[in-house]
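Written out below as C-alpha cells is the structure these notes cover.
Numbering (UniProt numbering), first residue to last: 1 to 131.
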C-alpha cells in the first residue's frame, strides 16, 4: 500500500519518505493496519496536493518496542486545521469517517491517536499495543 502512495506523490511532486519496522505478528489485523495507513496517507496526500507550499512532503515512520507500535506521519499543509475534541474537522461534507475509524482501532488496542499542527506541518501519531 505504501508503494501506491509513493507513486501518487511522485506524480504530484511531493517528497515521500518511509522508515518503517513493523513485525509480521501484531495484534491488529492486516485490514485494520491498512485502514490506519490508508486514511492517514489519503488525508496527507490531499493536504499536500491542495498546497502551493514549495516544499510539500510526507514522512512515514513506524517502530516497535516489545509492547507498542508507534506510527508517526508528518505532512506539509498550507492552512490551519480546525480541531474539535482533539480531532481534525473535515472540510468535506460527510467527512471525518476515516479519523473516527482510526480512533476506534486505536481505542480497541488500548492505544492512542493524536493529531497536531506546527505551522505548515501536520502530525498524526498513533500508539498501539502489539500483543
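In this text, a Cβ means the ideal position worked out from N, Cα and C, and glycines have one as well.
When the beta-carbon positions are compared, residue 111 and residue 123 stay at least 7 Å from each other. Closest option to residue 130, judged by alpha-carbon separation, among 63, 48, 59, 44: 63.
Taking the CA atoms as reference points, residue 31 sits about 27 Å from residue 83. Counting the other Cβ atoms within 10 Å of the Cβ of residue 2 gives fewer than 16, which makes it exposed. A straight line joining the alpha-carbon of residue 55 with that of residue 15 spans about 8 Å. The residues 63, 127, in chain order, have a CB closer than 6 Å to that of residue 70 in the same chain once the five nearest residues on each side in sequence are set aside.
Comparing alpha carbon positions, the residue from 72, 117, 113 closest to residue 22 is 72.
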